[in-house]
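Under our numbering, the first residue of the sequence shown is numbered 244, with each subsequent residue one higher. Accompanying notes for the structure given below.
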Amino acid sequence: MHLAKNLLTAMIGKLRLTNSLTRKKELFEPINPPEVGMYVCGPTVYSDVHLGNVRTFISFDIINRYLKFLGYKVRYVRNITDVGHLLDNGEDKISKKARLNKLEPMEIVQKYTNDFHSVMKIFNVLPPDIEPSAIGHLFEQVEMIETLLSKGFAYQANGSVYFDLTRYNKLYAYGKLSGRKIEDLINQSRTLEGQDDKKNPLDFALWKKAAPNHIMKWKTKWSDGFPGWHLECSVMSTKYLGTQFDIHGGGLDLKFPHHDCEIAQCLGASDKEPAKYWMHTNMLTVNGQKMSKSLGNAFLPWQLISGNHGMLDRGYSPMAIRFFMLQSHYASNLDFSNEALNGSVKGYTKLANGIRILKEIIYPKHDSLNVNAALINQINKICDDCHSAMDDDFNTALTIGHLFNLLKKVNSLYSKQIAFTDINKATFNRMKTTLLTFTEEILGIKPEKEINGHNLLNILLENYVEAKESKNYKKVDSLRQRLAEEGITVKDMKDSVGWAYNE
Ligand code: AMP
Ligand code: ZN
């Protein structure tokens with residue numbers, strides 16, 4: 244990020260972001276600049292991530308990229324949840340998958356962690372700086388439970404340890420992030436069953452005694468058991484970012500109870516407010532309903548890429564999908580539809596073509612002395628607008644609009660409607676740098692071949708072979724078209740499928 248160094252001093256101090264804790268858009272003032280600590284709740288690795296999950300991780304990728312572009316020294320921590328995320332019947336999600344597939348839980352964890360990493364790569368999401376896992380931090384979790392017990396914020400009951408919300412609420416206010424009132428929560432939770440060990444139905448588990456048939460359990464002085472889901476994030480954020488850090492993020496659906504519980508645990512353990520800014524991404528929806536595995540309306544990345552799904556007209560390239568996500572602000576709802584995606588394909592293609600042309604244009608050797616000052620002002624203003632849009636709560640939608648305005652100037656130069664003599668070299672260079680930096684480095688939209696190359700090709704070809712074998716000719720045609728868009732011709736041979744790049 245070469246531009247970052249030059250702009251560092253100028254840029255810091257303008258960024259504003261929406262803080263879920265105060266419900267206000269605030270000036271971003273890190274606790275210890277130029278360092279920035281950001282913790283984001285990562286996936287539970289018990290099955291494939293769906294497009295909704297991908298939206299959240301792309302949103303935080305943009306935030307990570309832009310903070311780094313501004314020159315901040317970001318430590319981005321995104322965890323892997325590999326224990327403690329329970330189903331309504333109390334069974335661990337990973338244990339259940341392991342039981343059904345007759346595999347070790349760690350085989351499930353490894354498989355879906357690997358898959359998650361490939362999906363992130365396909366969508367050009369940069370890896371975090373630290374990716375800690377809950378099982379890897381059991382010792383630290385036990386330590387935090389000890390601290391909470393010693394400070395009177397937790398109690399033991401029948402081999403389990405619970406967070407004591409009654410005690411906590413004498414000093415702090417549970418639910419302040421989500422804005423829920425404790426009285427309402429108590430009324431709602433009275434109907435829940437299986438709360439026998441708890442003093443208060445709202446108390447949540449820090450350590451849970453395992454049932455005899457529970458596979459994932461560890462020996463502690465309390466019982467053979469496992470940690471509560473909320474605990475891992477408090478422990479790992481504290482370990483790697485300190486008791487107070489800058490940004491904590493996650494999807495909106497994690498605000499309550501997960502994030503409110505995290506705040507309670509951290510305040511209880513250290514008497515310090517853990518994160519200065521809480522950021523929440525909004526949901527990807529299908530027909531207005533949250534995309535989720537349990538509702539059965541989830542799309543897996545490879546289904547969308549190959550078009551292998553009943554609701555899809557066709558397949559879409561990962562960069563077009565990334566572009567689709569960035570066309571809305573991270574805090575707005577984004578509804579999935581073929582129409583919206585087709586619109587994004589057009590937009591993405593226009594942007595990609597513009598960038599390709601831009602890379603070909605070379606400013607003449609001699610600088611122009613007879614410039615059009617008004618045009619230069621216009622171009623500089625659009626470049627400034629790109630920065631202001633990102634400074635305004637990472638508004639990618641607005642930024643894309645400004646990038647298209649810049650592209651109009653590029654196209655005019657290319658078609659000679661604007662002469663090189665109209666603008667000086669410095670303006671041309673600024674326009675080029677702004678377009679390239681914002682598109683490729685900040686929005687992470689790069690030529691498909693540079694990101695995915697063979698990876699994408701393999702996904703498409705595997706699906707093509709499968710469609711042929713199952714004699715699904717509609718799918719065969721649609722995949723043939725997708726491959727053609729990637730510049731590839733498929734050759735059907737007697738017992739196999741061959742392919743070649745188009746000339
Ligand atoms: P999970 O693996 O279920 O814990 O989810 C991983 C991340 O994806 C969390 O930050 C969730 O909030 C987020 N997420 C889940 N469903 C959606 C959705 N439909 N749209 C956007 N983000 C989602
Ligand atoms: Zn979390």
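Glycine included, C-beta positions come from ideal geometry on N, C-alpha and C.
Residue i and residue j closer than 7 Å at C-beta
i	j	result
Val-352	Val-288	yes
Gly-285	Ile-323	yes
Val-529	Phe-566	no
His-491	Tyr-282	yes
Gly-558	Arg-725	yes
Thr-390	Asn-443	no
His-380	Val-478	yes
Ser-361	Pro-348	no
Trp-521	Ser-263	yes
Ile-619	Ile-666	yes
Proximity winner among the options, relative to residue i (alpha-carbon distances)
i	options	result
Asp-440	Asp-407, Leu-428, Asp-467, Trp-461	Asp-407
Leu-678	Gly-422, Asn-654, Phe-303, Lys-717	Asn-654
Glu-374	Gln-487, Glu-475, Asn-745	Glu-475
Gln-508	Trp-521, Leu-449, Ile-625	Leu-449
Leu-258	Pro-370, Asn-638, Val-719	Asn-638
Phe-382	Phe-469, Glu-350, Tyr-405	Phe-469
Gln-384	Ser-480, Tyr-309, Ala-341, Gly-295	Ser-480
Met-363	Glu-712, Asn-698, Ser-549, Leu-722	Asn-698
Asp-779	Asp-372, Pro-371, Ser-290	Past the edges of the chain, shown from 244 to 746, lies residue 779, and the structure says nothing about it.
Leu-420	Cys-504, Ala-669, Thr-642	Cys-504
Met-459	Asp-556, Ala-377, Gly-494	Ala-377
Ser-739	Val-317, Tyr-707, Lys-589	Tyr-707
Leu-704	Ile-548, Lys-515, Ile-425, Asp-331	Ile-548
Ser-403	Gly-550, Tyr-591, Phe-447, Asn-620	Phe-447
Ile-301	Pro-561, Thr-463, Ala-662	Pro-561
Arg-308	Asp-358, Pro-371, Lys-482	Pro-371
Asp-556	Val-326, Tyr-319, Tyr-483, Lys-717	Lys-717
Phe-488	Lys-602, Ala-518, Ser-721, Ala-512	Ala-518
Asp-325	Tyr-355, Lys-464, Lys-659	Tyr-355
8 Å CB neighbourhood of residue i in its chain, flanking five on each side removed
i	result
Ala-574	Thr-261, His-523, Thr-524, Asn-525, Asp-636
Lys-248	For Lys-248, the predicted model reports a pLDDT of 47, less than 50, meaning its position is unreliable; a value from the coordinates is still stated below. Within the same chain, Lys-248 has close Cβ partners Gly-314.
Ser-649	Reading off the sequence, residue 649 comes out as Leu, not Ser. Here the set comprises Ile-622, Ile-625, Cys-626, Cys-629, Met-674, Thr-677, Leu-678.
Gln-532	Leu-538, Asn-540
Gly-485	Gly-280
Thr-434	Confidence in Thr-434 is poor, its pLDDT being 43 and thus under 50, which makes the residue's placement too unreliable to answer from.
Tyr-606	Phe-663, Lys-668, Phe-671, Asn-672
6 Å CB neighbourhood of residue i in its chain, flanking five on each side removed
i	result
Leu-577	Leu-527, Ser-571
Gly-755	As shown, the chain starts at 244 and ends at 746. That puts residue 755 outside it, with no answer to give.
Leu-428	Leu-445
Gly-494	Thr-299, Thr-524
Glu-278	Lys-316
Ile-685	Arg-308, Tyr-309, Phe-312
Ile-388	Val-404, Leu-449, Trp-450
Close-in-space but distant-in-sequence residues of the same chain around residue i (CB under 7 Å, 5 per side omitted)
i	result
Tyr-657	Ile-600, Ile-604
Thr-682	Leu-594, Ile-598, Leu-646, Ile-688
Asn-581	Leu-555, Asp-556
Asp-304	Val-368, Leu-369, Gly-687
Limits of the alpha helix (DSSP H) - the one that residue i falls within
i	result
Glu-278	Here Glu-278 belongs to no alpha helix (DSSP H); instead the beta strand (DSSP E) covers 278–283.
Asp-503	503–513
Ile-622	616–634
Asp-489	Unbroken run through Asp-489 is the beta strand (DSSP E), 488–494; no alpha helix (DSSP H).
Arg-259	Looking at the DSSP string, Arg-259 is not in any alpha helix (DSSP H); the run it does join, the beta strand (DSSP E), is 259–262.
Arg-318	Where Arg-318 is concerned, there is no enclosing alpha helix (DSSP H), although the beta strand (DSSP E) it sits in stretches over 316–321.
Asn-554	Before going further, note that residue 554 is Met rather than Asn in the sequence given. Run containing Met-554: none; DSSP gives neither H nor E here.
Gly-295	294–312
Check: residue i C-beta below 6 Å from any heavy atom of the ligand AMP
i	result
Cys-284	yes
Met-534	yes
Asp-503	no
Thr-639	no
Gly-327	no
Thr-261	no
Met-363	no
Asp-496	yes
Arg-298	yes
Gly-493	yes
The beta strand (DSSP E) enclosing residue i, as first and last residue numbers
i	result
Gln-384	Element bounds for Gln-384: not the beta strand (DSSP E) but the alpha helix (DSSP H), 381–393.
Ile-731	731–735
Phe-671	Element bounds for Phe-671: not the beta strand (DSSP E) but the alpha helix (DSSP H), 668–679.
Gln-399	397–400
Thr-463	Neither: Thr-463 is in no beta strand (DSSP E) and is coded neither H nor E.
Asp-829	Summary: the structure shown does not reach residue 829, with the chain confined to residues 244 through 746, and so no result is reported for it.
Asp-578	577–579
Residue i beta carbon near the ligand ZN (any heavy atom closer than 6 Å)
i	result
Cys-509	no
Cys-629	no
Cys-476	yes
7 Å Cβ cutoff, residue i in contact with chain D
i	result
Met-363	In summary, chain D is missing from the structure at hand, where a single protein chain is found.
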